[in-house]
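If you're matching them up, the sequences are chains A and B in order. Here the first sequence stands for residues 66 to 318, where the numbers follow our numbering. Here the second sequence stands for residues 3 to 245, where the numbers follow our numbering. Just so you know, even glycine gets a beta-carbon here, dropped at the ideal spot from N, CA and C. A quick write-up on the structure given underneath.
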Amino acid sequence: MKVLEINHCNKKFGDNEVLKDISLSVSEGQVVSIIGPSGSGKSTLLRCATLLETMDGGDLIYLGNHATKADGTGKSIYSDDNKLREIKKHFGLVFQNFNLFPHYSVMRNITEPPILIGKRPKDEVYAEARELLAKMGLSDKEDAYPHQLSGGQQQRVSIARALAMKPEILFFDEPTSALDPELTGEILKVIKDLAAEHMTMVIVTHEMSFARDVSNHIIFMDGGVIVEEGAPEEVINNPKQERTKAFLGRFQQ
Amino acid sequence: MDIAEYLSIIQQLAGGMLATLFIFVLTLVFSMPLGLLVAFGRMSKWAPFAFLLPEDKFQEKGLRKWIGNFKPIQFLAKVYISILRGTPLMLQLLVVYFAPYYIFGVTLSKSYRFMAVLIGFSVNYAAYFAEIYRSGIESIPVGQYEAASVLGYNKYQTFFKIVFPQMVKRILPPVTNEIITLVKDTAMAFVLNYTEMFTLAKQIAAAKTTIIPLFIAGVFYFIFNWVVAYVMERVEKSLSYYR
Ligand SMILES: Nc1ncnc2c1ncn2[C@@H]1O[C@H](COP(=O)(O)OP(=O)(O)OP(=O)(O)O)[C@@H](O)[C@H]1O
Ligand SMILES: [Mg+2]
């Protein structure tokens, strides 16, 4: 079953064509990493997939449900708000700078969305939130507020907040790049644990060795197009395209 | 003057203080929500003629661009704010009081005096509160909206659960300023001869040819504002559990 399908996605900001005919699909349990130079459109692709940006052309499909459908000319036609709200239940997004709600305790950050939006019973949601926090090693932080936590702890809370909605697919946009180098490890470990549990994930990252270790599929983007994709060892260790080689070469120095 | 006279002045002014308090509280009750409505209007992006703009909005210039981008609700809110901030409050009070008669020929009962004071103050303060709210709302990082959107919050849930509480914390200092100004501005009700404390103090001062009542009125205002500042400080403290 395809969890996510994007067909022929196009996105422009004014005259700037940021995504050009991008197609990708993610199956259940797959971990896909997206790498590429700054400005290549990685974040924009994730933002289109999570409905934070509207794409100009192409389809966006979650588990067979169309968020957008291309019309005869390829232009994206979006479904109505109710359907989009239903579709949002299929995915979660972890931001580079966490975006926790500062006025809520850790517990409320995690429990409000499933209770308010998911309409799920309180005690069940609280029990699950405690389990998630235990898994993230944050059991003692239930009542803390975001500003009292380190960046790594905040990012773990934001992963727990996303997981509490039980998404079928989880997106990460550079989840470690706002963190001090010594804190990136704890986040990468959490993501690796999720991969081991076969969580479906799409990860934009600049951590090449992590991308190689954690994913089943790597996409290299440059200038708004997918230049090369394939198995991690192939793309990272043995790139075919010149642009991929140049990018990875720059990275190793 | 003997002690008894002082006491009688204080007693009369305390009565006037009650009227002042009344204007103060009711003005806040009306102007704070009204200000939020005006702020929403000021931030409205509704552009009914946007269909005039071509697909590629960035190319368009000239009149068609102007009409296409015209936002009527935002425009009205801007006009409202600029008029109420740009003209004296005293003038606004007079207009509210006399307009029904001079413009519409309606004679209003004596009790309209109080209504006029209240409408004048509320409408004027709403303009200031609107801009304070707007600055607060616009200072909320866009990431908060994006996080809420991805989690499935709708517009109302996002505003009331995420944006509004954070806005309140951020705007407390300017709101405190505004409230303290209001305490002092209530004295302006004298232009409509509404007998709040200041009007009363002036009357007594004139009758007894002494400035003591004015001095006592000053002490009253000072205490009033001291209480306001104290309460607002407590409110700020109660919201200091997060950043
Ligand atoms: N809201 C926007 N308005 C206009 N242009 C934008 C906007 N967002 C992104 N862009 C442009 O789109 C292009 C792709 O940006 P994007 O953020 O997707 O790159 P990225 O691959 O995520 O880069 P990085 O690795 O630096 O995060 C850039 O040229 C950028 O300037
Ligand atoms: Mg990016």
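Identity of the residues DSSP links to residue i by a beta bridge
{"i": "tyrosine 127 of chain A", "result": "A:Leu69, A:Asn130"}
{"i": "phenylalanine 156 of chain A", "result": "A:Ile234"}
{"i": "cysteine 113 of chain A", "result": "None, per the DSSP bridge assignment."}
{"i": "isoleucine 99 of chain A", "result": "A:Val269, A:Ile284"}
{"i": "glutamate 293 of chain A", "result": "A:Phe285"}
{"i": "lysine 76 of chain A", "result": "A:Leu84"}
{"i": "glycine 122 of chain A", "result": "A:Asn75, A:Lys140"}
{"i": "alanine 135 of chain A", "result": "A:Ser141"}
Host beta strand (DSSP E) of residue i (start-end)
{"i": "lysine 85 of chain A", "result": "81 to 92"}
{"i": "phenylalanine 285 of chain A", "result": "282 to 287"}
{"i": "isoleucine 164 of chain B", "result": "Run containing isoleucine 164 of chain B: none; DSSP gives neither H nor E here."}
{"i": "aspartate 238 of chain A", "result": "234 to 238"}
{"i": "glycine 183 of chain A", "result": "Glycine 183 of chain A -> no beta strand (DSSP E), and no H or E assigned at all."}
{"i": "serine 124 of chain B", "result": "That residue, serine 124 of chain B, is in no beta strand (DSSP E); its alpha helix (DSSP H) goes 114 to 140."}
{"i": "tyrosine 143 of chain A", "result": "141 to 143"}
Delimiting residues of the alpha helix (DSSP H) encompassing residue i
{"i": "leucine 216 of chain B", "result": "214 to 240"}
{"i": "methionine 34 of chain B", "result": "5 to 44"}
{"i": "leucine 2 of chain B", "result": "With chain B covering only 3 through 245, there is no way to say anything about residue 2 of chain B."}
{"i": "valine 97 of chain B", "result": "91 to 104"}
{"i": "isoleucine 83 of chain B", "result": "74 to 88"}
{"i": "isoleucine 206 of chain B", "result": "199 to 210"}
{"i": "serine 151 of chain B", "result": "144 to 153"}
Any C-beta of chain A under 8 Å from that of residue i
{"i": "threonine 149 of chain B", "result": "For clarity, residue 149 of chain B is alanine in the given sequence; the question names threonine instead. Chain A, which has a Cβ nearer than 8 Å to the Cβ of alanine 149 of chain B, makes this yes."}
{"i": "tyrosine 135 of chain B", "result": "no"}
{"i": "arginine 245 of chain B", "result": "yes"}
{"i": "proline 35 of chain B", "result": "no"}
{"i": "leucine 153 of chain B", "result": "yes"}
{"i": "proline 175 of chain B", "result": "no"}
{"i": "glycine 145 of chain B", "result": "yes"}
Closer than 8 Å to chain B by CB, residue i
{"i": "arginine 150 of chain A", "result": "yes"}
{"i": "proline 186 of chain A", "result": "no"}
{"i": "serine 266 of chain A", "result": "The displayed chain sequence assigns methionine, not serine, to residue 266 of chain A. Cβ-Cβ to chain B under 8 Å: no for methionine 266 of chain A."}
{"i": "lysine 153 of chain A", "result": "yes"}
{"i": "histidine 271 of chain A", "result": "no"}
{"i": "leucine 128 of chain A", "result": "no"}
{"i": "asparagine 162 of chain A", "result": "yes"}
{"i": "methionine 36 of chain A", "result": "This structure leaves residue 36 of chain A out entirely; chain A is present only between 66 and 318."}
{"i": "leucine 313 of chain A", "result": "no"}
{"i": "leucine 117 of chain A", "result": "yes"}
Partners in chain A for residue i, counting only beta-carbon separations shorter than 7 Å
{"i": "isoleucine 164 of chain B", "result": "Phe166"}
{"i": "tyrosine 158 of chain B", "result": "Per Cβ cutoff of 7 Å: no residues; tyrosine 158 of chain B is ~11 Å from chain A at best."}
{"i": "glycine 88 of chain B", "result": "Within chain A, no residue comes near glycine 88 of chain B; the closest Cβ sits about 35 Å away, beyond 7 Å."}
Cross-chain neighbours of residue i in chain B, by beta carbon under 9 Å
{"i": "threonine 241 of chain A", "result": "The premise fails here: threonine 241 of chain A is roughly 17 Å from chain B at the closest Cβ pair, so nothing lies under 9 Å."}
{"i": "glycine 157 of chain A", "result": "Val152, Leu153"}
{"i": "leucine 178 of chain A", "result": "Reading off the sequence, residue 178 of chain A comes out as proline, not leucine. Residues of chain B passing the Cβ test: Ala150, Leu153, Gly154, Tyr155."}
Where residue i meets chain A, residues with beta-carbon distance less than 8 Å
{"i": "proline 167 of chain B", "result": "His168"}
Contacts that residue i makes with chain B (C-beta to C-beta distance below 7 Å)
{"i": "isoleucine 252 of chain A", "result": "Near isoleucine 252 of chain A there are no residues of chain B at all, since even the closest Cβ is about 17 Å away, more than 7 Å."}
{"i": "histidine 212 of chain A", "result": "Tyr244, Arg245"}
Proximal chain B residues relative to residue i, where beta-carbon distance stays under 8 Å
{"i": "isoleucine 182 of chain A", "result": "Leu153, Gly154, Tyr155, Gln159"}
beta-carbon residue i near ligand 4 non-hydrogen atom, thresh 7 Å
{"i": "lysine 107 of chain A", "result": "Absence of ligand 4 is noted for the structure shown, with ligand 1 and ligand 2 being the only ligands found."}
Ordered list of beta strand (DSSP E) runs contained in the segment 220 to 275 of chain A, each at least 3 residues:
234 to 238, 266 to 269
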